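Engineer: Residue numbers (our numbering), protein chains in the order written: chain E, 1 to 284; chain Y, 1001 to 1163; chain L, 2001 to 2783; chain C, 3001 to 3158.
Just so it is clear, CB atoms sit at the ideal spot from N, CA and C, and this is done for glycine as well.
Note that the structure is predicted; figures quoted are calculated from it, not measured.
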Amino acid sequence: MRYLAPGSLKEALDILRREDDARCIAGGATLVAMMNADLVAVDVLVGLGRIAELSGITETDDEVRIGAMTRHAEIAASPVLTGALGVVRSAAGQIAHPAVRNMGTIGGSICHADPAADFPAALLAADATIEAASAEGTRQIPIGEFFEDYFETALREGEIVTAIRLPRGPAGARGHHVKFSRVDGDYATVSVSAVLVMAGATCSYARIALGSSGPVPIRVTAAEEALVGSPLDQAAIAEAARLLAEAADPVDDVRGTTEYRLMLIPRLLARALNTLKDGETASV
Amino acid sequence: MSEMDVIEKQPVTLRVNGNVHELEIAPARTLLDVLRSELRLTGAKRSCNQGVCGACSVLRDGKPVRACISLAFAAEDSEITTIEGLADGNRLSRVQQAFVDAGAVQCGFCMPAMVIAATALLNENPNPGVEEIRHGLGGNICRCSGYVKVVDAILSLTEGSKS
Amino acid sequence: MSPEGVTSPNPVGDAIGKSVPRLEAREKLTGQAVYTDDMTLPGMLHAAMLGAPYAHARIRSIDTSEAEALEGVRAVVTAEDLPKKKYVGVFLKDQMTFAGDKVRYISEPIAAVAADTLEIARKALQLIEVEYEELPAVFDPEEALEADAPILHENRDEYPCPYERPEHPNAVAYTQFKEGDIDNAWAECDVIVEGVYETPAQEHMYMEPCSTLVAVDANGKITIWSSMQSVFRVQTMIAEAFDMPMSKVRVIAPRIGGGFGGKCDLTNQPATVALALKSGRPVKMTLSREDDMMMMKSRHAGKIYCRTGARKDGTLVAREMRLFLDGGAYADESPEVSTVAAFFGRGPYRIPHVNVESWSVYTNKLRASAFRGFGNPQATFASERQIDEVAEKLGMDPIDLRIKNALQSGDKWLGGQTVEGGSLAECLEKARAASDWDKRRQNNGKEVRPGKRRGICVSGMSHISGMLSAGAAVRLHEDGTVTVNTGAVDIGEGADTVMAQICAGALGLSLDQVNYGNPDTDSSPYNFQTSASRVTYMVGKAVEQASERVREQMFRHAGEMLECAEDDLELRPGGVIGIRGVGDAAVPFAAIAGRSLYASGGPIMGTHNWLFEGERFDPKRALVRGFALDGIGVFTFGAHVVEVDVDMATGKTEVLEAWCAHDVGRALNPGAVDGQIHGAFAQGLGYGLYEELVWDDGRLVNPTMMDYKVPGPLDLPYKIHPILIENPSDGPFGAKGIGEIALVGTAPAICNAITAATGAAINRIPATPERVLRAILAAEGGS
Amino acid sequence: MKIEESFTVQAPIDRVWEFITDPEQVGPCLPGCEEIEVLGPTTYKARIKVALGPIKTTFKVDVEVTEERPPEFAASVTRGEEGGKASRVSADSTLALKALDESQTEVTYASDVSVVGRLGKFGLGIMKKKAKSMGEEFAAKFRVRVEGDGARAAEASA
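(1) Just checking my contact of L/A2661 with L/K2430 at CB under 8 angstroms: how many whole Å lie between their CB atoms?
(2) Quick one: what does DSSP say C/K3002 is sitting in, helix, strand or coil?
(3) How is E/T221 classed by DSSP in three states: helix, strand or coil?
(4) Could you check where the alpha helix (DSSP H) with L/Y2687 kicks off and where it finishes?
(5) Hey, does C/G3080 have any beta-carbon neighbour from chain L nearer than 7 angstroms?
(6) Give me the subset of the stretch 150 to 170 of chain E whose CB atoms are less than 8 angstroms from a CB atom of chain C, sorted by chain position.
(7) Are the stretch 2761 to 2780 of chain L and the stretch 256 to 265 of chain E touching by the rule of at least three beta carbon pairs closer than 8 angstroms?
(8) With DSSP as the reference, label L/Q2529 as helix, strand or coil.
(9) Suppose you measure from the CA of L/G2781 to the CA of L/G2759; what does that come to, to the nearest Å?
(10) Output needed in chain order: residues of the stretch 2275 to 2308 of chain L with a Cβ under 7 angstroms from some Cβ in chain Y.
(11) Does Y/A1072 have its Cβ less than 7 angstroms from a Cβ in chain E?
(12) Evaluate L/Y2197 with the Cβ neighbour count: other Cβ atoms within 10 Å of its Cβ, from every protein chain shown; 16 or more gives buried, anything less gives exposed.
(13) In or out: E/R156 buried (at least 16 other Cβ within 10 Å) or exposed?
(14) Just to confirm the assignment: which complete alpha helix (DSSP H) runs, minimum length 4, are found wholly within the stretch 196 to 263 of chain E?
(15) Going by alpha carbons, who is nearest to L/D1983 out of L/F2139, L/L2152, L/G2487 and L/V2634?
(16) For the beta strand (DSSP E) that L/A2622 lies in, which residues bound it at each end?
(17) For chain E, check one thing: does any of its Cβ atoms lie closer than 7 angstroms to the Cβ of C/G3125?
(18) Excluding the 5 residues flanking E/A92 on each side, which residues of the same chain have their C-beta closer than 6 angstroms to its C-beta?
(19) Looking only at its own chain, which residues have a Cβ that is under 6 angstroms from the Cβ of L/K2404, when we skip the five neighbours before and after it?
(20) Output, in chain order, the set of chain L residues within a Cβ distance shorter than 7 angstroms of Y/N1140.
(21) Does any residue of chain E bring its CB to less than 7 angstroms from the CB of L/K2123?
(22) Can a CB atom of chain E be found closer than 7 angstroms to the CB of L/N2702?
(23) By the criterion of Cβ-Cβ separation under 7 angstroms, what are the contact partners of L/L2656 in chain E?
(24) Listing by chain order, which chain L residues have their CB less than 8 angstroms from the CB of Y/R1094?
(25) Within this structure, are the beta carbons of L/T2339 and L/A2144 separated by less than 7 angstroms?
(26) Would you please state the rounded distance, in angstroms, between the beta carbons of L/N2518 and L/A2173? I believe it to be under 8 angstroms.
(27) Nearest-angstrom Cα distance between L/R2764 and L/T2199?
(28) Return the first residue and the last residue of the beta strand (DSSP E) that E/R2 is part of.
(29) Taking 6 angstroms as the line, does the beta carbon of L/R2156 fall inside it for any heavy atom of the ligand MG?
(30) Alpha carbon to alpha carbon, how far is L/L2135 from C/L3119?
(31) Can you name, in chain order, every residue of its own chain whose Cβ lies under 7 angstroms from the Cβ of C/G3150, other than the five neighbours on each side?
(32) Go to C/T3073, then tell me how far its beta strand (DSSP E) extends in each direction, as first and last residue.
(33) With a cut-off of 8 angstroms, do at least 3 Cβ pairs link the stretch 143 to 156 of chain E to the stretch 60 to 67 of chain E?
(34) Is any beta-carbon of chain L found at less than 7 angstroms from that of Y/I1083?
(35) Is the shortest distance between the beta-carbon of C/S3114 and the beta-carbons of chain L less than 7 angstroms?
(36) Got a sec? Which residues, its chain only, sit under 6 angstroms from L/E2027 by beta carbon, not counting five neighbours each side?
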């Protein structure tokens, strides 16, 4: 195995085109853990740490752009991720433990595409767009089309995620990521990412995404429609939860049985919506 | 090893505890491997080898990271500090001394990592309360102490404890 | 009790009762402490073991030629390289270092490789060709006891076994304690509660995985450094396994990164010795976390059928209990664990009519062995859950019910042993007072925090401290300082520090005048093992008395030097002996040492060694059948009050605060005692809420720290309040052992509190959020 | 790890039996199957490529048909390994066919799979889901192959 650390995106893309068995490594936490368990071996590892243009958070009036190599800790502390984008900041702050948040990057997390991770569902709720570059040029992939199966994304051979672009979201929106796990820092048994706008006592906008509930993060527009126009009473929440649970296909493992995860969806949805409705964003 | 997969070694320069080390290693080697084997710094410990227990914590540019799931090559541009780099000769750092005085040490295997985490936490926030301390220690697993005296040790270094 | 009423001297100086930090704290906090994996020797090889892929299979053939041919491989060993028919074990000797004829659990070691690097060793493992013939397997203890169950050890009668073996070939050991007239007792009861309780296989999860370094010298003498709990157990069992004299086996203790019972007896020492002998080079084998979890040991999973009867006034009348403990593929410590479980089947209460039976059973899974509490946590979980249910049914305060039936000094334990220093009632009262119990209990079942039901409850507990034998030697140096040698291995519980304190207290020295010698079978007096909460009590007593012998020899010299009667002399702090009341008439230890070396008497050295000989079972009181151990230690008592919040939406339990009252006899180092109670409570909390090894047809599903979760800093309360009660025992300066008891009652206290909060009965641990939510819904009749 | 799935095929039971017990026909339907080699009347070898995110490996398995009651039942035992014995897989599987009517057959397959070694530690839940999705892919490909009439099916499989 060889390790290369290109200084620019262009150089990295050339390596990927030139080498047939090359793989990028960002923060490396998850990938190196799999290499330690001799689950993964590659000919060429391309370290992206030296490509300055890939990290940092910038904003314009209608968008926040997070470089793919931006670490979880920086995202969790970003004053820019407010309103609807609170869902992304709150997710970043609940990933694993402080030390892992100093290592892991948002690009690495979504490329690994583990549905139990926190960013996939949060970015789905935030309506993100994934910017990916390859030798042929740059592509914008809507988040809804990015995740395809367990650990499988729409990325093509030789493509690198360069940034995650987040629309500001509607005025007055608030976002929150509710993560339920066995112990602090464990992967979620089930997570609910929600973005909500209240017009007085009535919900006028809702984006809900489930994590750890299937091969990819789950969004059901019918469930959101069931909330919009309602005062987020028990009936509306129960109907939305039913539609979401129908679309869910959670695994059965040491973190919880399929049945228990399905039981949690309505309960955590209610917790997420009530937290947002009442204004404070306490974590679970 | 058989001919076909002779492990190619590449040069790497690591800055650890203020010393510069020029090494030739196989790229798949982790920072923890290199610290413990080549550099004989055995204060960082291998326990889970998956980055979930914290026993391998070191500071990278002042922030705690997991050496067992960091490639040695990925540390090339950073300043690495291990537990051996915190004391000044045999004068303990104030965090190390607070751990002694609070009676926080039992088997000691997780203690280097606890000191690393506590040092970084106090550098960032000199006056953490109990909850901030417990969050700062998140992911540093100890099986002997139940964490009570570890939190006390850190608390003893904050203003709160002086009153 | 200790031999012939050997009384403790009055301590001199301030070493006794002082919260001294670990003597080796600086070394551990600077990363200089040397654990086995930190060590290297010139020419050292690295090693790993190959585990079997089947739960039960005959080994047809093993071909290691391809592995041996791999460049960098120096030795490959299998059962062929071991002395034939050399079975090892604790009581029932049924295990070989490598499976020879049959494999009996997935990952059972069948071969090991030593090579220049660990990577080469691991690669070579995959080149070993093994041909198996699969056999049907059994994974449940009760199924394993059925007539047609697959038999794990057909050659069982070939194994040396000191006790009468149960009839069924899969039964490892059976014990029964019977007192009073159980059959007619139920008629006297106004309330009878009955239930089935399940406890998990818990993983020790010591932070330092098992690690062993072995070197062989030119005379064939083996030196072993290893992460272990007894240098003498390793020496004995290695000599036995390799058919060698113990004089050719030296075992030295480096720093140990936690044990909790999982490093009792043998772990990976035999495989490493085999490789060192075959390669002729030093070999180090440090297990990966996964290999450690899949190949080594766990706590016995238990299924407990329990029944308790009481009268309206709260008097406990009858207790019936049957325990089935899952022993895994080899006996190891199973016989003692199941008999200790039965021994605690009645609990620390006066119950006249009792019938307790326990089985430890072979299954095609990981060996179950010693783990902090040793069978008592399993029995106590069922017993304390039922005591609480009786209180609930009678509408009595659960603490009052326990106090009413609590054993007192002079009462008899199950089997007839006399209880000295019975203090359960005192522990319960102190825990009640400290927790403001009556006030907090009014919140039971209420949502103090939105969506979370509050509950506070209690458990009583007991354990033993002592067992078998220990020795100590104290030597006076020429400058008046001393060195203490014992065989006690400090696995993190603080033995090094407490032994030095006892010696300092007995000789009036300061701690830096006392050197604690590292356990080494070449130079240390014998000690059985660091287990059974016995080191402070047993080894501490030996150190105290050995120090007394030194004092006596010094007093003889001082009497002559100061020309006075020995009775007029007194020890003064700092290593001085003087005439009582005559300030300036004194001689320093150094002067006495000099005189002894160069003028009269010879070097001053004190030793003491003893065996704990407790009271035997009383056949008039109790029918004791099967494998049972009596006189295994003095009794210790404790009580925990625990307050929880249960999240009604998810079933997740948050332990808010805990009050842990324990009768420690005398706290020689209060800080260290607190640390043991904090740690035992945390490990008991993990046992009660989070931890469970899960198998899928014999394959361990969660053999990693990613999937098997132990409590982290945010998963347990910061407010764990030890309450130390001191009724001096006959131990060193009155001390008793505290190592295990604070774990024993933690899980039942938490589950009692969950029931107090939600009304849902929790009879299976760990009480995961899923199990609690289902119990809540069942209690509310919901779906 | 127990897996059980069933699907219906618009073809008579005898035809389904004939296809499903012929390795040459079944092989191409198995997702990732790169090679099937018939060793004997009831034994054959297969090489199946499996990818689970960054993990890419090839399983080399030996399959032995242990029981056959045409046209409704077959049982087989599979033993093999992947990544040069990095993990060992064993599976006891059964196949049951039920004629719903003369032109429709229900196929039910059940398997008790054990994976031991490096993959065994990866995550039971996800492996079960992966096996399920491979099963669905097999069913789809098999249906296309069997439901086409004899001639066209033969060409399609070339």
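Structural biologist: Checking against the coordinates, here is how it stands:
(1) A Cβ-Cβ separation of about 4 angstroms places L/A2661 in contact with L/K2430 under the 8 angstroms criterion.
(2) Note: C/K3002 maps to strand in three-state DSSP.
(3) Here E/T221 sits in helix by DSSP.
(4) Unbroken alpha helix (DSSP H) run through L/Y2687: P2670 to L2689.
(5) False, the Cβ-Cβ gap to chain L never drops below 7 angstroms.
(6) Taking 8 angstroms as the Cβ-Cβ cut-off, the stretch 150 to 170 of chain E approaches chain C at Y150, F151 and E152, given in chain order.
(7) Yes: the two stretches touch, three or more of their Cβ pairs being nearer than 8 angstroms.
(8) In the displayed model, L/Q2529 falls within coil according to three-state DSSP, outside both helix and strand.
(9) For the pair L/G2781 and L/G2759, the Cα-to-Cα distance works out to about 12 angstroms.
(10) Flagged, chain order: S2288 and R2289.
(11) Closer than 7 angstroms to the CB of Y/A1072 there is not a single CB belonging to chain E.
(12) Buried, by the Cβ-count rule.
(13) By the C-beta density criterion, E/R156 is exposed, having fewer than 16 other C-beta atoms within 10 angstroms.
(14) The stretch 196 to 263 of chain E contains these whole alpha helix (DSSP H) runs: 221 to 227 and 234 to 247.
(15) The structure shown does not extend to residue 1983 of chain L, since chain L is modelled only from 2001 to 2783, so the question has no answer here.
(16) Per DSSP, L/A2622 belongs to the beta strand (DSSP E) from A2622 to G2626.
(17) Yes - at least one Cβ of chain E is within 7 angstroms of the one on C/G3125.
(18) Answer for E/A92: H72, I75 and A76, listed in chain order.
(19) Counting only Cβ-Cβ distances below 6 angstroms, and skipping sequence neighbours, we find G2314.
(20) Those are P2713, listed as they occur along chain L.
(21) With 7 angstroms as the cut-off, L/K2123 does not count as an interface residue toward chain E.
(22) Yes, L/N2702 counts as interfacial toward chain E.
(23) Against chain E, the beta carbon of L/L2656 has no neighbour under 7 angstroms; the closest one sits roughly 16 angstroms away.
(24) Residues of chain L passing the Cβ test: none, with the nearest at roughly 12 angstroms.
(25) At the C-beta level, L/T2339 and L/A2144 stay beyond 7 angstroms of one another.
(26) Rounded, the Cβ-Cβ distance is 36 angstroms, inconsistent with contact.
(27) Between the C-alpha atoms of L/R2764 and L/T2199 there is a straight-line separation of about 6 angstroms.
(28) Taken as a continuous stretch (DSSP letters only), the beta strand (DSSP E) holding E/R2 covers R2 to L4.
(29) Questions concerning the ligand MG fall outside what the structure shown contains, since it holds no ligand whatsoever.
(30) Whole-angstrom Cα-Cα distance: 23 angstroms.
(31) Note that C/G3150 scores 49 on pLDDT, short of 50, meaning its location in the model is unreliable; the coordinates nonetheless yield the value given after this. If we look at C/G3150 and ignore the five residues flanking it on each side, it has no Cβ neighbours.
(32) Inspection of the sequence shows that residue 3073 of chain C is occupied by Phe rather than by Thr. First-last of the beta strand (DSSP E) with C/F3073: F3073 to E3082.
(33) The answer is no - the stretch 60 to 67 of chain E does not touch the stretch 143 to 156 of chain E, with fewer than three Cβ pairs under 8 angstroms.
(34) Chain L, which has a Cβ nearer than 7 angstroms to the Cβ of Y/I1083, makes this yes.
(35) So yes, C/S3114 belongs to the interface.
(36) These residues qualify, in order along the chain: A2033.
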